[in-house]
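S.K.:
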């Protein structure tokens, strides 16, 4: 059970981090100008913010699981539809053309600045709540070890994406093109869409 939650958290964290928005562009920019470590630390600020929202969503859903269990159909329906919206939006979105407007003043500033930039984005918590509810996380009684595994998976998944991005940019600087970034958005969009389809399918099974 705990391993299942770790894997689910990993997939969630990776898919939420992957769309190339302003933070992604900022990570690419700092990798090119300051080196791979600077870019990776920049991304890890966003990963920590994702983890914080994962804690809020995961433990929040666990606390109110008795209410969610009585509204399971509607939670999955609304969550599934929202995931379809997020997936389509990511699939058709063009990569951000500009980085987030943050000046670099060292590794700690790189980390903390992107942490606050990400944590103040309300779309992040909505994404986590939608995915968690859509996948039925919180609709059944969950022990805290499973919730911790889920959150740890989110951190590992998000962190891995930023490691891959900063390493790839550092290694293949001349090959990072808007077309390739567009395909990253499309693949992450398809992954989020699959979450939405799964949630809506779960709604149908609840009716039988």
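In the working numbering, the protein residues as written are 113 to 320. Beta carbons are placed, not taken as given, at the ideal position from N, Cα and C, and that holds for glycine.
Cβ of residue 139 within 7 Å of Cβ of residue 277?
M.R.: Cβ distance < 7 Å, so residue 139 and residue 277 count as in contact.
S.K.: Any chance you could list the beta strand (DSSP E) runs of at least 3 consecutive residues sitting entirely within the region 263 to 304, in chain order?
M.R.: Correct list: empty.
S.K.: Tell me the rounded alpha-carbon separation between residue 190 and residue 242.
M.R.: Whole-angstrom Cα-Cα distance: 8 Å.
S.K.: In this structure, does DSSP put residue 206 in helix, strand or coil?
M.R.: Coil, per DSSP.
S.K.: Where residue 153 and residue 316 are concerned, what is the direct C-alpha to C-alpha distance, given to the nearest angstrom?
M.R.: Whole-angstrom Cα-Cα distance: 43 Å.
S.K.: Residue range of the alpha helix (DSSP H) that residue 121 falls in?
M.R.: Counting along the chain, the alpha helix (DSSP H) containing residue 121 begins and ends at 114 to 129.
S.K.: Could you tell me the distance, in whole angstroms, from the CA atom of residue 162 to the CA atom of residue 231?
M.R.: Residue 162 and residue 231: Cα-Cα distance of roughly 7 Å.
S.K.: Can you list, in chain order, the residues of its chain whose CB lies under 7 Å from that of residue 156, leaving out five sequence neighbours each side?
M.R.: 223, 271, 274.
S.K.: Tell me whether residue 293 counts as near the ligand HEM, meaning its Cβ is closer than 6 Å to at least one heavy atom of that ligand.
M.R.: Ligands are entirely absent from the displayed structure, and the ligand HEM is therefore not among its contents.
S.K.: Cα separation between residue 345 and residue 282?
M.R.: Nothing can be reported for residue 345, as the shown portion of the chain is limited to 113 through 320.
S.K.: Would you call the CB atoms of residue 303 and residue 127 closer than 7 Å?
M.R.: Yes, they are a contact pair.
S.K.: So, residue 199 versus residue 308, is the Cβ gap smaller than 7 Å?
M.R.: For residue 199 and residue 308, yes; Cβs fall inside 7 Å.
S.K.: Quick check on the burial criterion: 16 or more other C-beta atoms within 10 angstroms. Buried or exposed for residue 122?
M.R.: Burial call: buried.
S.K.: Give the DSSP-derived three-state secondary structure of residue 147 in the structure shown.
M.R.: Residue 147 falls in the coil class under three-state DSSP.
S.K.: In this structure, does DSSP put residue 157 in helix, strand or coil?
M.R.: It is helical.
S.K.: For residue 301 versus residue 203, is the C-beta distance shorter than 7 Å?
M.R.: Yes; because the gap between Cβ atoms is below 7 Å, this pair is in contact.
S.K.: If you drop the 5 nearest sequence neighbours on each side, which residues of the same chain put their C-beta closer than 6 Å to that of residue 214?
M.R.: The predicted position of residue 214 is uncertain, since its pLDDT is 49 and thus under 50; no value can be drawn from it.
S.K.: Should residue 290 be labelled buried (16 or more other beta-carbon atoms within 10 Å of its own) or exposed?
M.R.: Exposed, since its Cβ has fewer than 16 Cβ neighbours within 10 Å.
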